[in-house]
Amino acid sequence: MKIKISLIIFFSLMMLALTNIKVNAVEFVTYNNANRTGTYAETFNKVIVEFSDRLAAEDVKTKLKITDNANNQLEVLRILALNDIAGFASRYQVDLKNNLDKTKTYKAIYEDLFVEIDIDNSAPYISYTNNVRNDMNRYDERENIFLVQGTTQNIFERLFEEKMRFNIFDYLRINIVDNRDGSLVDEMVIENLPNPYKPGTYVVKIKATDSWSNEAVQEFTFKVLKSNDKTDLVINIAAFTGMGIIIGLSVFFILRKRSVGRN
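If you use the working numbering, the sequence shown corresponds to residues 926 to 1188, in order.
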């Protein structure tokens, strides 16, 4: 009798212990932007799916599904195991036939597991340094307006079609970073640059677009002032005078040559 009671107590304790054991079941890994891990859409038609542990690759290729917010299954072209070891992998690439719509939500489903696919809806970040903040001739801090000293073309510039080109980087140092694409400085678009020959107010737009068509825009106000430099006028007068003398001498020598020829 004592043996039976002991066995009952023993099995009871075993069952109690088993119920307290935590089973580390495989799960989807959610997206972590810091180290680019987890489940996310890398492009409009490519999804990266990650599990917390390795699974049989052939099993995943058979059972893994991608659905939209209406639970419609998306057509998959192929599934690749990215870190395959002996037929088991934890990271997979899913190539879709059609592009994802970034305004919608999508899920990755494997058996009874599911996770929302992270889609990039964040615009790039534009930062800048004002290179002329302490220069009152080039920056009005009170109005937050950049000042450009206007100029006029002299005759030589007009004759040779030379123009002074405005360089915004003399005023600003610009940096553009996207959370997935990294630096987008080389993709920067600058609109409505000031014309130093035309006084007025210009709203300059710095734009950048990432691979998911998320656009960032930063505006800066520039004011081109009227030119008060008399040098151009002096150069023009001197140039016209010089040209007049040259033309006059040319006419004089031509007439003189003709006169000598007649004699």
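Ideal placement from N, C-alpha and C gives every residue a C-beta, glycine not left out.
This structure is a prediction, so every number in the text was calculated from the model and none was measured.
Three-state secondary structure assigned by DSSP to residue i
i: D1111; result: helix
i: D1135; result: coil
i: F1039; result: strand
i: F1094; result: helix
i: D1065; result: strand
i: D1157; result: With a pLDDT of 48 at D1157, under the threshold of 50, the modelled position of this residue cannot be trusted, and the question is left open.
i: Y1127; result: strand
i: L1072; result: strand
i: A1163; result: Low confidence applies here, because A1163 scores a pLDDT of 47, under 50, leaving its location unreliable and the question unanswered by this model.
Residue i - containing beta strand (DSSP E), residue span
i: R1098; result: 1097–1103
i: S1052; result: 1050–1055
i: K1148; result: 1140–1149
i: I950; result: Looking at the sequence shown, residue 950 is not Ile but Ala. Run containing A950: none; DSSP gives neither H nor E here.
i: Y956; result: Y956 -> no beta strand (DSSP E), and no H or E assigned at all.
Contacts around residue i, its chain only, beta-carbon distance under 7 Å, and the 5 residues preceding and following it disregarded
i: M1089; result: T1076, P1121
i: D1065; result: L1072
i: V1040; result: F953, T955, T964, K1032, A1033
i: V1159; result: Note that V1159 scores 46 on pLDDT, short of 50, meaning its location in the model is unreliable; the coordinates nonetheless yield the value given after this. There are no such residues.
i: A981; result: G1012, F1013
i: S1052; result: N1100
i: L1150; result: L1072, V1073, Q1074, G1075, P1124
i: T1030; result: N994, E1041
Neighbourhood of residue i by C-beta distance below 6 Å, restricted to the same chain and skipping five residues each side
i: E952; result: S977
i: N1024; result: F969, N970
i: R1105; result: D1045
i: E1116; result: K1130
i: S1152; result: G1075, T1076, T1077
i: Q1143; result: I1051, I1131
i: Y1127; result: N1117, P1119, F1147
Residues bridged to residue i (per DSSP)
i: Y965; result: I973, D1043
Same chain only: Cβ atoms within 8 Å of residue i, ignoring 5 sequence neighbours per side
i: E1000; result: L1021, K1022, N1023
i: V948; result: Residue confidence for V948 is low, a pLDDT of 42 falling below 50, so the modelled location carries little weight; the figure read from the coordinates is stated next. Cβ neighbours of V948 beyond the five flanking positions: none.
i: Q998; result: K990, I991, T992
i: N1055; result: Y1064, Y1096, L1097
i: D1009; result: A982
Contiguous alpha helix (DSSP H) assignments of at least 4 residues, all confined to the segment 974–1034: 982–988
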